[in-house]
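Student:
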Amino acid sequence: MKASAEFIKSFFISLWFMLLTFPILVIRVNTIEKVVEWRWRNMAFIGIGSFLLSFVWRWLLSRKEKGRQPAETGNVETLPLGRRLLAEPRIYRPALTALALFTIAFPLLFSSYQTNIMTTALIYVMLGLGLNIVVGLAGLLDLGYVAFYAVGAYSYALLNHHFGLGFWAILPVGGLLGALFGILLGFPVLRLRGDYLAIVTLGFGEIIRLILENWNAFSFGPSGIANISRPGLFGISMTLNEATIYIYYLMVALCLFTIFVVNRLQDSRIGRAWIALREDEVACQAMGIDKTRTKLTAFALGATWAGMVGVIFAAKTTFINPACFTFMESAMILSIVVLGGMGSIAGVILGALILILTPEYLRAFSAYRMLLFGTAMVLMMVFRPQGIVTNIRRVYRYGTKGKESRPAQA
Amino acid sequence: MSSGPRFDMDYFLELAIGGLTRGSIYALIALGYTMVYGIIELINFAHGEIYMIGAFTALIVASVLTMNGMTGVSVLILASVVAVLYAAAYGFTVEKIAYKPLRQAPRLSPLISAIGMSIFLQNYVLIAQTSDFLPFPNLLPVLPFMEPYSHIMGSTELIIVLTTALATAALTFFIKFTKLGKAMRATAQDRHMAMLVGVNVNRVISNTFIVGSALAAIGGVLIASHIGRINFSIGFITGIKAFTAAVLGGIGSIPGAVLGGLVLGWTESFATGYVSSDYEDVFAFCLLVLILIFRPAGILGRSSVQKV
Amino acid sequence: MDSVLTVNSLTMNFGGLRAIDSVDLEVRQEQIVALIGPNGSGKTTFSNCLTGIYEPTEGDIFISPTPGGRRRINGIKINRIAEMGIARTFQNIRLFSNMTVLENVMIGRHCRAKAGVLGAVLRGRKTRREEQEIVDRSYEILVRTGLADQADEPAKNLPYGAQRRLEIARALATEPFLLLLDEPAAGMNPRETDELEELIVRIRDEAKISILMIEHDMRMVMSLSNRIIVLDYGEKIAEGTAAQIWENPDVIKAYLGEDFHGDA
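Quick note, the sequences are listed as chains A, B and C, same order.
Counting with the working numbering, you get residues 66 to 475 for the letters of the first sequence.
Counting with the working numbering, you get residues 12 to 319 for the letters of the second sequence.
Counting with the working numbering, you get residues 384 to 647 for the letters of the third sequence.
Encoded structure:
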């Protein structure tokens with residue numbers, strides 16, 4: 066297209082968006098004082114912004130179209146530079162060591178406020194990795210993931226409140242209860258088509274939250290439960306600062322454990338079955354894979370993780386109420402998985418860190434946090450559905466019997 | 012609860028009318044879901060937000076007009092027209108940005124994009140306007156002849172029910188008899204085939220979003236007048252309930268959406284009236300979960316045979 | 384020779400529509416049986432009944448994976464039937480397109496392995512041995528089907544003919560006694576068809592697997608099949624050897640207008 070035509074097109078797009086956002090962005094009525102506030106500046110921003118962005122949008126779309134063609138003609142896709150660098154042991158070994166040292170030294174280098182934020186980010190890393198099993202690997206869109214998180218958090222809060230049970234005793238219980246709920250819900254709904262499954266899980270998540278909000282005798286209603294015990298360490302009493310650091314290390318350990326488990330799962334018979342199920346259900350069944358059981362395993366495992374993280378969350382914040390477990394929480398975890406790259410461990414970790422830390426450290430963004438999440442989901446789906454980090458299939462060692470297979474995935 | 016030991020007929024009627032009113036609104040929004048799903052098999056998650064934006068636009072226009080001294084039915088008509096136009100424009104734009112580039116993508120991609128769009132629109136209104144509930148002026152006129160029945164059915168309720176009936180009738184006529192309506196039905200049946208016989212499928216899809224969004228805006232104006240206050244998050248719950256209504260009736264079917272809306276409205280109304288008002292939303296969600304598990308094809312829908 | 388598959392008066396209705404009307408069929412050990420018929424004659428419906436995707440309205444399907452071990456499989460779930468030893472390919476290729484060629488075949492080995500979640504996480508000696516066996520056996524099948532060179536390619540990058548062969552390889556990995564090929568030569572060029580023909584014969588002779596083939600390519604059907612069954616409008620109108628079918632007037636009538644003797 067000629068440059069002038071592009072220009073005119075963008076001009077009309079910018080005009081359209083100025084008109085479109087006019088009532089909501091420009092006018093603000095104060096119904097009590099009966100004044101109308103006209104914010105013409107916003108219209109100027111939208112005009113200029115949409116004019117420029119429309120060029121970027123078209124450029125990205127055309128790039129995506131071009132990118133699709135070589136894949137169709139069967140050309141070999143070359144690995145991006147970043148991945149080639151990471152495949153080189155001379156580079157990834159020191160990088161990994163530096164990362165590990167940084168992670169260990171973090172609470173010593175930064176204040177307990179920072180450590181707390183990092184712990185929150187790690188909680189989302191773990192939630193993301195758990196949801197990644199369900200959405201990324203098995204391709205089941207679970208919009209009620211937060212329900213299992215709530216199950217874990219409430220089981221710790223309530224058992225701690227009524228019976229004084231400790232963190233370590235409840236951590237596995239929370240996981241098991243999560244799994245139990247996962248199986249109870251999953252059994253009837255997993256035969257549903259993908260989009261219906263998404264809605265049913267969303268409905269289930271909301272039901273759990275509404276019950277927690279209204280069943281005062283059981284859950285203490287909207288006011289929630291306070292004074293939940295922090296995790297203990299052989300009965301040593303800790304100051305608040307020490308406890309923060311302790312929970313940080315605990316979270317690091319649990320994240321490593323999660324990475325280990327998910328990594329092994331996705332390179333196993335079960336993990337392959339999940340991916341195959343995501344690709345083609347009928348063909349998968351025709352190869353002898355039990356659809357319901359395979360899906361249920363993924364669903365229950367995801368729920369187990371949410372349950373465990375729920376316990377940690379309750380222990381970290383020492384206060385929970387139903388408002389912690391809204392649909393927006395599920396949406397946030399989902400956007401972490403989507404942004405990072407479905408099925409990719411490194412991607413999900415990166416996605417969680419970006420989406421949780423950016424609004425924390427760039428204060429200007431914090432009001433736009435959910436706006437960013439929404440935008441990220443749309444843009445990722447449109448331009449880069451595979452996420453930031455593409456999941457590359459493992460390469461197996463074959464033909465030479467007895468040798469270990471070599472994983473090629475970062 | 013006002014019902015005595017004996018069966019209270021007035022209370023029952025009040026609940027029935029309440030359910031009918033509520034159900035009418037659900038039906039108006041459900042029509043948008045059902046039309047979009049019928050054509051591109053997408054749960055348009057952002058549809059509830061379109062309804063919310065419709066209500067907000069009406070509120071803003073009505074407030075500006077009243078502050079400038081306008082009163083009466085003209086405010087209602089102007090505000091509604093602007094709200095309908097804007098909702099339609101938003102629906103059109105959302106489709107172009109978030110769904111059109113994903114026509115060839117795997118099924119879950121547009122759904123995730125729709126969820127993202129829904130979150131975006133909610134927060135867009137939250138940031139641009141306010142997080143507080145805004146009082147919504149009752150724009151609907153008070154009909155004097157309804158006065159004697161006001162303990163059972165007020166004029167607002169009557170107007171809501173009549174408007175819904177009118178809108179549904181108009182939509183049915185539009186789909187049955189106009190050229191665009193026929194193109195929509197053809198596209199819903201077989202998109203590829205429709206394309207081969209010369210239907211401009213992209214335009215049909217755009218128009219479906221426009222019509223569905225316009226109906227949602229009508230619903231938005233009506234319910235906001237009825238309840239009297241709105242905020243940025245009203246679209247989420249109502250959107251899900253309207254989707255429930257669409258599934259309940261059989262997604263893709265227009266009479267189904269209306270029937271589903273009414274069934275859902277009555278379920279909510281009677282359940283909150285006779286069982287417990289604390290769990291109002293739980294009833295709707297339970298109905299949603301149960302219908303999807305036991306009869307995903309809905310009341311009027313037919314189950315389809317798996318294609319291999 | 385013993386029969387491995389016996390179908391007695393199979394009938395399948397969709398609502399008021401009768402897609403298959405009491406069809407009998409038998410496949411004996413190490414035979415290649417072809418099911419032919421014009422478009423819409425019920426061939427694919429028949430194969431879907433056989434593999435558990437549809438439950439037949441009437442009639443019986445018996446299988447005998449081992450001599451004497453006869454079993455009725457009506458209405459058994461798809462994956463159980465695959466486990467029992469009927470493997471299939473699909474008319475419209477249904478590969479796991481983002482997985483590698485090797486992994487596609489490894490999925491076929493799924494039902495012959497056991498490792499569960501715990502095994503996967505702990506990855507003990509038993510699991511590792513099982514994994515390696517899955518890899519080795521799958522690779523072996525790729526060698527036999529001539530796909531070994533592309534083992535690490537994503538399945539979607541394969542050329543069309545190779546994708547069809549990969550479907551067969553994947554089916555073979557389930558260790559079937561009966562292989563059901565749904566239009567395996569569709570869309571292939573003559574050279575690819577020749578290679579396919581040779582592969583099918585090898586599967587029968589080397590792996591001792593019986594084959595039920597639904598096919599349009601008459602040349603291939605005539606040269607490979609021990610027996611041919613002709614369907615028209617859901618009814619069986621003829622059965623016999625290639626020569627008998629060739630001369631059957633009913634068959635010629637059913638195919639009239641189609642290019643029946645065309646490329647022979």
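We put the beta carbon where it would ideally sit given N, CA and C, even for glycine.
All of these numbers come straight from a predicted model, not from anything done at the bench.
Please work out which residues of its chain come closer than 6 Å, Cβ to Cβ, to Val232 (chain B), disregarding the five sequence neighbours upstream and downstream, and give them in chain order.
Tutor: Counting only Cβ-Cβ distances below 6 Å, and skipping sequence neighbours, we find Ala69, Ser91 and Ala94.
Student: Looking at the C-beta of Val108 (chain A), does it have a partner C-beta in chain B at a distance below 8 Å?
Tutor: It should be pointed out that residue 108 (chain A) corresponds to Met in this sequence rather than to Val. No - not a single Cβ of chain B is within 8 Å of the one on Met108 (chain A).
Student: Give, in chain order, every residue of the segment 26–37 of chain B whose Cβ lies closer than 8 Å to some Cβ of chain A.
Tutor: Correct list: empty, as no residue qualifies.
Student: May I ask which residues mark the beginning and end of the beta strand (DSSP E) holding Leu563 (chain C)?
Tutor: Unbroken beta strand (DSSP E) run through Leu563 (chain C): Leu561 to Asp565.
Student: Hey, how far is the Cα of Ile456 (chain C) from the Cα of Thr428 (chain C)?
Tutor: Using only the alpha carbons, I get a separation of about 16 Å.
Student: Please check if any C-beta of chain B sits within less than 8 Å of the C-beta of Phe517 (chain A).
Tutor: No answer is possible for residue 517 (chain A): it lies beyond the span of chain A, which begins at 66 and ends at 475.
Student: So that I know if they touch, is there some Cβ in chain A lying closer than 8 Å to that of Phe643 (chain C)?
Tutor: Note that Phe643 (chain C) scores 49 on pLDDT, short of 50, meaning its location in the model is unreliable and no value can be drawn from it.
Student: Taking 8 Å as the threshold (C-beta atoms), are Thr455 (chain A) and Gly406 (chain A) in contact?
Tutor: Yes, the Cβ-Cβ distance between Gly406 (chain A) and Thr455 (chain A) is below 8 Å.
Student: Tell me Arg454 (chain C)'s beta-bridge partners as DSSP assigns them.
Tutor: In the DSSP output, where bridge partners are listed per residue, Arg454 (chain C) has C:Ile446.
Student: Determine the direct distance from the alpha carbon of Gln546 (chain C) to that of Pro573 (chain C), and round the result to whole angstroms.
Tutor: So the alpha carbons of these two residues sit roughly 16 Å apart.
Student: From this set, A:Leu305, A:Pro237 and A:Asp260, which residue's C-alpha is nearest Leu303 (chain B)'s C-alpha?
Tutor: It is A:Asp260 whose Cα lies nearest to the Cα of Leu303 (chain B).
Student: Report the option in A:Leu342, A:Ile188, A:Gly367 and A:Ile410 whose CA atom is closest to the CA atom of Ala318 (chain A).
Tutor: The residue with the shortest Cα to Cα distance from Ala318 (chain A) is A:Ile188.
Student: Quick one: residues in its chain with C-beta nearer than 6 Å to the C-beta of Tyr441 (chain C), no 5 flanking neighbours on either side, listed in chain order?
Tutor: It should be noted that the sequence gives Glu, not Tyr, for residue 441 (chain C). Contacts found: Thr394.
Student: Could you tell me whether any Cβ in chain A is nearer than 8 Å to the Cβ of Phe473 (chain C)?
Tutor: Yes, Phe473 (chain C) lies at the interface with chain A (some Cβ there is under 8 Å from its Cβ).
Student: Cα-Cα, which of B:Thr45, B:Leu154 and B:Ile126 is closest to Met442 (chain A)?
Tutor: Among B:Thr45, B:Leu154 and B:Ile126, the Cα nearest to that of Met442 (chain A) belongs to B:Ile126.
Student: CA-CA distance, Asn391 (chain C) and Ala552 (chain C)?
Tutor: Cα to Cα, the separation comes out at about 30 Å.
Student: Quick one: is Phe397 (chain C) near chain A, going by C-beta distance under 8 Å?
Tutor: Closer than 8 Å: no.
Student: Taking the alpha-carbon positions, what's the Asn385 (chain A) to Ile273 (chain A) distance?
Tutor: Asn is not the amino acid found at residue 385 (chain A); the sequence shown has Ile there. Taking the straight line joining both Cα atoms gives about 14 Å.
Student: For Asp21 (chain B), tell me which candidate among B:Leu177, B:Tyr160, B:Leu39 and B:Ala256 has the shortest Cα-Cα distance.
Tutor: For Asp21 (chain B), the nearest C-alpha among the options comes from B:Tyr160.
Student: For Glu137 (chain A), I'd like the list of residues in its chain whose CB is within less than 7 Å of its CB, leaving aside the five on either flank, ordered along the chain.
Tutor: Only weak support is given to the placement of Glu137 (chain A): the predicted model assigns it a pLDDT of 44, under 50, and the value that follows is read from those uncertain coordinates. Hits under 7 Å: none found.
Student: Take Trp629 (chain C) as the anchor and find which of C:Arg520, C:Gly420, C:Leu564 and C:Arg512 has the nearest alpha-carbon.
Tutor: Comparing Cα-Cα distances from Trp629 (chain C) to each of C:Arg520, C:Gly420, C:Leu564 and C:Arg512, the minimum goes to C:Gly420.
Student: At the 8 Å Cβ level, is Asn211 (chain B) part of the contact set with chain A, yes or no?
Tutor: No, Asn211 (chain B) does not count as interfacial toward chain A.
Student: Would Thr362 (chain A) count as contacting chain C if we go by Cβ distances under 8 Å?
Tutor: Thr362 (chain A) counts as touching chain C.
Student: In three-state DSSP terms, what is Glu558 (chain C)?
Tutor: Glu558 (chain C) falls in the coil class under three-state DSSP.
Student: Residue ranges of each alpha helix (DSSP H) run of no fewer than 4 residues wholly in the segment 305–362 of chain A, ordered along the chain?
Tutor: With a minimum length of 4 residues, the continuous alpha helix (DSSP H) runs that stay inside the segment 305–362 of chain A are 305–331, 334–344 and 346–351.
Student: How long is the line joining the alpha carbons of Val190 (chain A) and Met206 (chain B), rounded to whole angstroms?
Tutor: One C-alpha to the other measures close to 45 Å.
Student: Could you tell me the distance, in whole angstroms, from the CA atom of Val101 (chain A) to the CA atom of Met83 (chain A)?
Tutor: Rounded to the nearest angstrom, the two C-alpha atoms are 19 Å apart.
Student: Please state whether DSSP places Phe397 (chain C) in a helix, a strand or coil.
Tutor: Strand.
Student: Apart from the five residues just before and just after Phe77 (chain A), which ones in its own chain have a Cβ nearer than 7 Å to its Cβ?
Tutor: Closer than 7 Å at Cβ, skipping near neighbours: no residue.
Student: Can you name the residues of chain C whose CB is closer than 7 Å to the CB of Glu344 (chain A)?
Tutor: Within 7 Å Cβ-Cβ: Phe479, Ser480, Asn481 and Met482.
Student: With 9 Å as the limit, tell me which residues of the segment 222–254 of chain B have their beta carbon closer than that to any beta carbon of chain A; keep them in chain order.
Tutor: Within the segment 222–254 of chain B, the residues whose Cβ lies closer than 9 Å to some Cβ of chain A are Phe247, Ile248, Ile251 and Phe254, listed in chain order.
Student: For the segment 57–80 of chain B, which residues have a CB atom closer than 8 Å to at least one CB atom of chain A, in sequence order?
Tutor: Per Cβ criterion, the list reads Ile64, Phe67, Thr68, Leu70, Ile71, Val72, Ser74, Val75 and Met78.
Student: Anyone know if the C-beta pair for Ser177 (chain A) and Asn292 (chain A) falls short of 8 Å?
Tutor: Not a contact, by the Cβ cut-off of 8 Å.
Student: Check whether the Cβ of Leu151 (chain B) lies closer than 8 Å to any Cβ atom in chain A.
Tutor: Leu151 (chain B) does not count as touching chain A.
Student: Excluding the 5 residues flanking Ala365 (chain A) on each side, which residues of the same chain have their C-beta closer than 7 Å to its C-beta?
Tutor: So the list reads Ala244, Gly247, Ile248 and Gly251, once near-sequence residues are dropped.
Student: Whose C-beta lies closer than 8 Å to the C-beta of Pro431 (chain A) among residues of the same chain, with five residues either side of it excluded?
Tutor: In the sequence under discussion, the amino acid at residue 431 (chain A) is Ser, which differs from the Pro named in the question. For Ser431 (chain A), where only same-chain residues beyond five positions count, the Cβ hits under 8 Å are Pro424 and Glu425.
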